[in-house]
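Below: one structure, written as structure tokens.
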């Protein structure tokens with residue numbers, strides 16, 4: 404990670420912590436919290452930085468609200484075919500569903516996801532063909548200024 408990325412991640416971390424602090428101290432100030440979370444998402448998008456999945460789960464995709472149980476979202480456990488956790492944003496009503504399995508791990512927590520465990524494979528590169536202008540089909544052009552007489 405370069406110094407530039409470290410500064411950007413520090414800024415994202417600050418915005419996320421500031422949003423949590425404001426929401427815990429003054430739950431009525433949802434607009435400022437949404438602004439901080441929206442700024443956090445736009446910075447990450449502009450600089451092409453990836454959020455940790457735990458951070459992604461705490462921000463609403465639709466309205467950029469910080470999802471804190473009991474304040475800005477409701478959490479329910481549902482068990483239809485398989486057990487799921489349903490998180491519903493109070494602000495916009497967006498619903499997120501996450502599976503509840505004992506053996507489930509987010510990909511970033513797998514050992515294969517770590518860079519030192521991944522192997523690089525050489526993929527065959529397609530041969531580049533040179534595009535010769537003389538071989539391309541020539542189109543007949545008619546001047547626009549000429550008038551066809553009948």
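Numbering (my numbering), first residue to last: 404 to 553. Think of the CB as a built atom: it goes at the ideal place given N, C-alpha and C, for glycine as much as any other residue. Quick caveat, the model's predicted, so the values are computed rather than measured.
Query	Result
Which of helix, strand or coil does DSSP assign to residue 425?	helix
For residue 429, is the classification buried or exposed, using 16 other Cβ atoms within 10 angstroms of its Cβ as the cut-off for buried?	exposed
Please report the straight-line C-alpha distance between residue 408 and residue 484, rounded to a whole angstrom.	42 angstroms
How far does the alpha helix (DSSP H) with residue 433 in it extend, from its first residue to its last?	433-449
Secondary structure at residue 480, three-state DSSP: helix, strand or coil?	strand
Using a 10 Å radius around the Cβ and a threshold of 16 neighbouring Cβ atoms, would you call residue 419 buried or exposed?	buried
Whose CA, out of 513, 511, 482 and 417, lies closest to the CA of residue 500?	482
In angstroms, rounded to a whole number, what distance separates the CA positions of residue 494 and residue 453?	25 angstroms
How would you label residue 447, buried or exposed, when you count the other beta carbons within 10 angstroms and need 16 or more for buried?	buried
Rank 486, 439, 491 and 496 by C-alpha distance to the C-alpha of residue 506 and give the top, closest one.	486
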